[in-house]
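Peer 1: In terms of numbering that gives the first Met the number 0, the first sequence opens at residue 0 and continues consecutively.
Here a beta-carbon is modelled for each residue, glycine too, at the ideal position from N, C-alpha and C.
On a predicted model such as this, the values are computed, not experimentally measured, just so you know.
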Amino acid sequence: MWLTEIPAPDFDLAMTLDSGQVFHWETAGKGFVGAIGDCPVYVEKDRNILRAFGSVLKLDRLKRPSLRKIVSQYFALDHSLAEICASLPRDPVMNAAKHFCRGLRIIRQPKWECLATFICSSMKQIAHIRQISRKLRERFGQARKINPPSPRLRCGEAITVFTFPSAERIAASSEKALHRCALGYRAKNLLATSRLIANRDLDLEQLARMADVDLHAKLCALPGVGAKVANCVMLFAYERLRAFPIDVWIERVLREQYFPGKRKLNVGRLRAFTEEYFGDHGGYAQQYLFHHARMSMGRSKSKVSGRRGAESLSRSRA
DNA sequence: GCCCAGGCCATTT
DNA sequence: AAATGGCATGGG
0 MWLTEIPAPD
10 FDLAMTLDSG
20 QVFHWETAGK
30 GFVGAIGDCP
40 VYVEKDRNIL
50 RAFGSVLKLD
60 RLKRPSLRKI
70 VSQYFALDHS
80 LAEICASLPR
90 DPVMNAAKHF
100 CRGLRIIRQP
110 KWECLATFIC
120 SSMKQIAHIR
130 QISRKLRERF
140 GQARKINPPS
150 PRLRCGEAIT
160 VFTFPSAERI
170 AASSEKALHR
180 CALGYRAKNL
190 LATSRLIANR
200 DLDLEQLARM
210 ADVDLHAKLC
220 ALPGVGAKVA
230 NCVMLFAYER
240 LRAFPIDVWI
250 ERVLREQYFP
260 GKRKLNVGRL
270 RAFTEEYFGD
280 HGGYAQQYLF
290 HHARMSMGRS
300 KSKVSGRRGA
310 ESLSRSRA
């Protein structure tokens, strides 16, 4: 077990973990517990310090990076948010999201874990995706314990966390077993894709060398992976910061904020716009717009009446 | 019961 | 090429 403290002044841990890019971190004490790959970790933000406590596997410890390296890499503390934000468009919608999401980082997730959870994400609310992720971990992953050494770490008692199951482990399960994790029709896709990996027909690490377009096409060829999921995996696991996933939230933001009242707008037109407008860090723009929109929706009570509500509000003020 | 959800896919126009 | 409907499940 190791303890490390990392200066991270422009990093919002809680917002990053609650922004719908990763689904397994759970609050514990004043921080969060989860797994970074095979490493069980407790993390907390204490003023400008990111404090992490956890263990690295004993096998091949010599080749193993330090906990500090693992945490810094995972949370992308090397990303210069100042430069990234400066490169984003400066329209009112983007500015508001940018301001609201200060400190939110696009993290670097393990590739299979990211691919698998986003295969499970289709037509699911984030709370459901979290449930699915937890069930997969509890049922097929490995239990690892975190034993806090001192009350300095405000995480309380010993905690068990579960690693995400390998593709081989999922492939060795069954569609019925996956169904019991509330996967629904997604079970078949997850199983099929896991078997491509277990059978050596697909090596996710090898794909990292491919150009964006080719990587996107390769991912889209996998069962249960379409344009949206492929872009999520590119953004959250392959560090392709241009990737701009368009889900129902983002599509709503684009239609209402960037093309208000425009009728003939298919997904292809929206895609053409986002790729040229948001630029090299479009993925950050997308995540900020997504999180801001999702957090703002709670205020208007009813989701369906949200649009009408906003409209009538602006009219009544006029 | 209704609505919707970080969509994908086969089928039809 | 673009629109449409089915798909499993759970929360509000």
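Helix, strand or coil for Tyr41, going by three-state DSSP, please let me know.
Peer 2: Strand, per DSSP.
Peer 1: Count the other CB atoms within 10 Å of the CB of Thr26; is the residue buried (16 or more) or exposed (fewer)?
Peer 2: By the 10 Å Cβ count, Thr26 comes out exposed.
Peer 1: With C-beta atoms as the reference, is Phe52 less than 8 angstroms away from Leu16?
Peer 2: Going by C-beta atoms, Phe52 is not nearer than 8 angstroms to Leu16.
Peer 1: Where DSSP assigns a beta bridge to Ala34, which residues make up the other side?
Peer 2: According to DSSP, which records beta bridges pairwise, Ala34 is partnered with Pro39.
Peer 1: Do the segment 193–209 and the segment 133–143 meet, that is, are 3 or more Cβ pairs less than 8 angstroms apart?
Peer 2: Verdict: no, contact absent.
Peer 1: Looking only at C-alpha atoms, which of Arg262, His98, Ala292 and Ile35 sits nearest to Thr162?
Peer 2: When only C-alpha atoms are compared, the closest one is Ile35.
Peer 1: Pairing CB atoms from the segment 84–100 with CB atoms from the segment 274–281, are three or more of them under 8 angstroms?
Peer 2: Result yes; three or more Cβ-Cβ pairs closer than 8 angstroms.
Peer 1: Skipping 5 residues on each side, what residues in its chain have a beta carbon closer than 7 angstroms to that of Arg241?
Peer 2: The residues are Asp211, Asp279, Gly281 and Gly282.
Peer 1: By the DSSP assignment, the beta strand (DSSP E) with Trp24 in it spans what residues?
Peer 2: Element bounds for Trp24: n/a, residue is neither H nor E.
Peer 1: Have a look at Ala96 and Arg168 and give me their C-alpha separation to the nearest angstrom.
Peer 2: Their Cα atoms are separated by approximately 40 angstroms.
Peer 1: Got a sec: does the ligand ATP put a non-hydrogen atom nearer than 7 angstroms to the Cβ of Val160?
Peer 2: The ligand ATP is absent from the structure shown, which contains no ligand whatsoever.
Peer 1: The beta strand (DSSP E) spanning Ile158 covers which residue range?
Peer 2: Element bounds for Ile158: Ile158 to Phe161.
Peer 1: For the candidate residues Met93, Val42 and Ala81, whose alpha-carbon lies nearest to that of Ile69?
Peer 2: Out of Met93, Val42 and Ala81, Val42 has the C-alpha closest to the C-alpha of Ile69.
Peer 1: Does DSSP put Gly281 in a helix, a strand or coil?
Peer 2: In this structure, Gly281 counts as helix in the three-state DSSP scheme.
Peer 1: Taking all protein chains shown into account, decide if Tyr184 is buried (16 or more other Cβ within 10 angstroms of its Cβ) or exposed.
Peer 2: With fewer than 16 Cβ atoms within 10 Å of its Cβ, Tyr184 is classed as exposed.
Peer 1: What residue from Gly30, Met93, Met0 and Ile48 has the CA that sits closest to His290's CA?
Peer 2: Measuring from the Cα of His290, the nearest candidate turns out to be Met93.
Peer 1: With three or more beta-carbon pairs closer than 8 angstroms as the criterion, would you say the segment 198–209 touches the segment 63–82?
Peer 2: The segment 198–209, when compared against the segment 63–82, does not touch it at the 8 angstroms Cβ threshold.
Peer 1: Go through the segment 207–254 residue by residue and report every complete run of the beta strand (DSSP E) that reaches 3 residues or more, in order.
Peer 2: As far as the segment 207–254 is concerned, it has no whole beta strand (DSSP E) run of at least 3 residues.
Peer 1: Distance check for Ile245 and Leu189, CA to CA, integer angstroms please.
Peer 2: Cα to Cα, Leu189 sits roughly 21 angstroms from Ile245.
Peer 1: Nearest CA to the CA of Ile48: which residue from Ser54, Gly33 and Pro6?
Peer 2: The shortest Cα separation from Ile48 among Ser54, Gly33 and Pro6 belongs to Pro6.
Peer 1: May I have the straight-line CA-CA distance separating Gln20 from Gly260, to the nearest angstrom?
Peer 2: If I take the Cα positions, the gap works out to 30 angstroms.
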